[in-house]
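Be aware that the sequence shown starts at 1, since it is given in UniProt numbering, and climbs by one per residue.
We put the CB at the ideal spot given by N, CA and C, even for glycine.
Structure first, then comments.
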Amino acid sequence: LGGIGGFCVSDMDGFDILRVASRPYMFTASLPPAVVAAVTEALNQLRHRPALRQQLMDNARRFHAGLGDLGFHVGPEASPVVSAIMPDPKTAFAFWTRLLEAGLYTNVSLPPATPKGLALLRSSVSAAHSRSQIDHALSLFATTGRELGLIPAEPAIPAWVKHPTANLAHEPQDALAIGFRNQLLARLAAPSKVMAKYYSAFRRQSPRHARIVGDK
1 LGGIGGFCVS
11 DMDGFDILRV
21 ASRPYMFTAS
31 LPPAVVAAVT
41 EALNQLRHRP
51 ALRQQLMDNA
61 RRFHAGLGDL
71 GFHVGPEASP
81 VVSAIMPDPK
91 TAFAFWTRLL
101 EAGLYTNVSL
111 PPATPKGLAL
121 LRSSVSAAHS
131 RSQIDHALSL
141 FATTGRELGL
151 IPAEPAIPAW
161 VKHPTANLAH
171 EPQDALAIGF
181 RNQLLARLAA
191 PSKVMAKYYS
201 AFRRQSPRHA
211 RIVGDK
C-alpha cells in the first residue's frame, strides 16, 4: 500500500553502514500524521471489505480486455495499472493530449524510462470506478486511436442493428436470425473485434437476412 517514503532491510554484514553513507537517511523526517491515518484506514477497508479487491480486479480485467479487443497492444495480464504501448513518443504525447482534452487523464511514459524507443500510456483503475466509467474511457481510447490511425475503423453494421426500432419489416423473423440479432444488439457498445466476430457469424449462418438488410 503506497504512502510516503520507505525503508531498507537486510541481513547482510555491514548493512548498518547505510546509516552514515546514505545522505537521504540522515535527513529523513517522520511520516505526517495525516498519511499514517489514511494508510491505517485503507488497511482497515481492505480487511473488512474484501469485495473491494474483487471489484478492483473486475474493473482492471474489463479495461485491459477492452483495450486489447480494440486493437491496442497491452500487457499479457490485467492489473490495476494498464499500459497501452504506443509506437513512438510523438504519437504517445499526441494521444495523451487528446485524451486529456476529452477529460480522461493518463500517465505518459517516455524514453529513457521505456525500452527501445517505445512509449506507454498508463491508466490506473480503481474499485471506485463504475462500469459506465470504464466503458466511457474505452470509448475515448477508441475514438482517439482511430483518429491517429493506431487501430482499425469500426466494421460496417447493418441498418436494422444500428436502429432496431426503425424499418421493422426488414428485421429477421426466424429464430436463428433473431438470436444473432440479439447478440449483435447486446454488443453494440463492445470493441470492434467483438462486433466483427458476431457480424461475420451472422452472415455465415443467415446470408438471406444479410441480403434483406442491404448488406452486399
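{"Item": "C-beta atoms of residue 102 and residue 143 nearer than 9 Å", "Value": "yes"}
{"Item": "Residue 125, DSSP secondary structure in three states", "Value": "coil"}
{"Item": "Cβ neighbour criterion (16 or more within 10 Å) applied to residue 161", "Value": "Low confidence applies here, because residue 161 scores a pLDDT of 44, under 50, leaving its location unreliable; read the following figure in that light. Counting Cβ neighbours within 10 Å, residue 161 comes out buried, since at least 16 surround it."}
{"Item": "Classification of residue 7 by the beta-carbon crowding that lies within 10 angstroms, buried from 16 upward", "Value": "exposed"}
{"Item": "Rounded straight-line distance, which links the Cα of residue 98 to that of residue 148", "Value": "10 Å"}
{"Item": "Alpha-carbon to alpha-carbon, residue 110 and residue 238", "Value": "Here the chain has residues from 1 to 216 only, and residue 238 is not among them."}
{"Item": "Backbone CA spacing between residue 10 and residue 16 [nearest angstrom]", "Value": "9 Å"}
{"Item": "Closest by C-alpha distance to residue 82, when choosing among 48, 108, 153 and 46", "Value": "108"}
{"Item": "Of the residues 62, 140 and 13, the one placed nearest residue 77, counting alpha carbons only", "Value": "62"}
{"Item": "Bounding residues of the beta strand (DSSP E) (the contiguous stretch that carries residue 85)", "Value": "81 to 86"}
{"Item": "Pair within 9 Å by beta-carbon distance, residue 242 and residue 106", "Value": "The structure shown does not extend to residue 242, since the chain is modelled only from 1 through 216, so no value can be given for it."}
{"Item": "Heavy atom of the ligand COA within 8 Å of residue 8 beta-carbon", "Value": "Annotation note on the ligand COA: not contained in the displayed structure, which lists no ligands."}
{"Item": "Status (buried if at least 16 other CB within 10 Å, exposed otherwise) for residue 69", "Value": "buried"}
{"Item": "Distance CB(residue 52)-CB(residue 127) smaller than 9 Å", "Value": "yes"}
{"Item": "Residues that residue 73 bridges to, as DSSP identifies them", "Value": "85"}
{"Item": "Contacting residues, own chain, Cβ-Cβ under 6 Å from residue 72 (five flanking each side not counted)", "Value": "84"}
{"Item": "Collapsed DSSP secondary structure at residue 113 in the structure displayed", "Value": "coil"}
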